[in-house]
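Visitor: Have a look at the structure that comes next, please.
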Amino acid sequence: MRVLVTGGAGFIGAHVVATLAAAGHESVVLDALLPSAHPEGAPSGLPGDRVVVGDVRDREAVADALAGVDAVCHQAAMVGLGKDFADAPLYVGCNDLGTAVLLAEMAAAGVRDLVLAGSMVVYGEGRYDCPRHGTVRPGPRAEADLRAGRFEPRCPDCGAE
979 MRVLVTGGAG FIGAHVVATL AAAGHESVVL DALLPSAHPE GAPSGLPGDR VVVGDVRDRE
1039 AVADALAGVD AVCHQAAMVG LGKDFADAPL YVGCNDLGTA VLLAEMAAAG VRDLVLAGSM
1099 VVYGEGRYDC PRHGTVRPGP RAEADLRAGR FEPRCPDCGA E
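One gets the numbering used here by counting positions in the sequence shown from 1 and adding 978 to each.
Written out as structure tokens, the structure reads:
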């Protein structure tokens, strides 16, 4: 099977490409190599049997990458968390429009199989229960907590795990 992996040079996408290769499948990688995901620049030795450097919002790049593929694993997204709501148009413009362009081009190419994966970039952190405050919506986890091995989000009101 030949699979297009959007965002295939990213952290999750590169693992998908490696897993596909180990299972004997061919992969086409479409990745814009955005600085937010690749602050050091393009990684050396990009994964995939074919690499298309292009943005998932670019219809021509997507159509080119879809040529001859059987399925798509969609990992392309603007990663990271915005500083405030002023960043929302940038994230929506990349993530939502990119998915819409991909779906339209898949339909035009007759590619029907799609694996769509998401993380907190898509779903947010989620709700948690604090013994004192009930259901709360904590913000992003602190880097210091993660480095110390504390992976449970803290209550935004009292700091309890």
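Think of the CB as a built atom: it goes at the ideal place given N, C-alpha and C, for glycine as much as any other residue.
Considering Cα atoms alone, identify which of 1037, 1042, 988 and 1050 is closest to residue 1022.
Guide: Here residue 1022 refers to the residue found at position 44 of the sequence shown. It is 988.
Visitor: Go through its chain and collect everything with a Cβ distance to residue 1048's Cβ below 8 Å, but skip five positions before and after it.
Guide: The sequence position of residue 1048 within the sequence shown is 70, counting from 1. The answer, listed in chain order, is 979, 980, 981, 1089 and 1091.
Visitor: Suppose the cutoff is 8 Å on Cβ atoms and the five residues either side in sequence are ignored; what does the same chain contact list for residue 1035 look like?
Guide: As a first step, residue 1035 must be located in the sequence shown, where it is residue number 57. So the qualifying residues of the chain are 1071, 1072, 1075, 1076 and 1079.
Visitor: Taking the CB atoms as reference points, tell me whether residue 1140 and residue 1026 lie closer together than 8 Å.
Guide: For the chain, the structure presents residues 979 to 1139; residue 1140 sits outside this window and is missing.
Visitor: Assuming residue 1007 contacts residue 983 under a Cβ cut-off of 8 Å, what Cβ separation, rounded to an integer in Å, is found between them?
Guide: The count along the sequence shown starts at 1 and reaches residue 1007 at position 29. The count along the sequence shown starts at 1 and reaches residue 983 at position 5. Yes, residue 1007 and residue 983 are in contact; Cβ-Cβ is about 5 Å, under 8 Å.
Visitor: By the DSSP assignment, the beta strand (DSSP E) with residue 1006 in it spans what residues?
Guide: In the sequence shown, the residue the question calls residue 1006 occupies position 28. Note, residue 1006: beta strand (DSSP E), 1004-1009.
Visitor: Thinking C-alpha only, which one of 1024, 1051 and 1134 is nearest residue 1095?
Guide: The residue labelled residue 1095 in the question sits at position 117 within the sequence shown. Ranking 1024, 1051 and 1134 by Cα distance to residue 1095 puts 1051 first.
Visitor: Grab the span of the beta strand (DSSP E) containing residue 1091 for me, first residue to last.
Guide: Taking the first residue of the sequence shown as 1, we reach residue 1091 at position 113. Its beta strand (DSSP E) spans residues 1091-1094.
Visitor: Between which residues of its own chain and residue 1105 is the CB-CB distance below 6 Å, once the five residues before and five after are set aside?
Guide: The residue labelled residue 1105 in the question sits at position 127 within the sequence shown. Same-chain partners within the cutoff: 1113 and 1115.
Visitor: If you compare alpha carbons, which of 1110, 1003 and 1056 is closest to residue 1138?
Guide: Within the sequence shown, numbered from 1, the residue matching residue 1138 stands at position 160. If we check each option's Cα against that of residue 1138, 1110 comes out closest.
Visitor: Could you round the C-beta distance between residue 1020 and residue 1057 to whole angstroms and report it? I think they count as a contact, below 8 Å.
Guide: Locating residue 1020 in the sequence shown gives position 42, counting from the first residue. Locating residue 1057 in the sequence shown gives position 79, counting from the first residue. Contact flag wrong, Cβ pair sits at about 16 Å.
Visitor: Pick out whichever of 1083, 1068, 1017 and 1066 has its Cα sitting closest to the Cα of residue 1045.
Guide: By one-based count along the sequence shown, residue 1045 stands at place 67. Looking at the Cα atoms, 1083 is the closest of the given residues.
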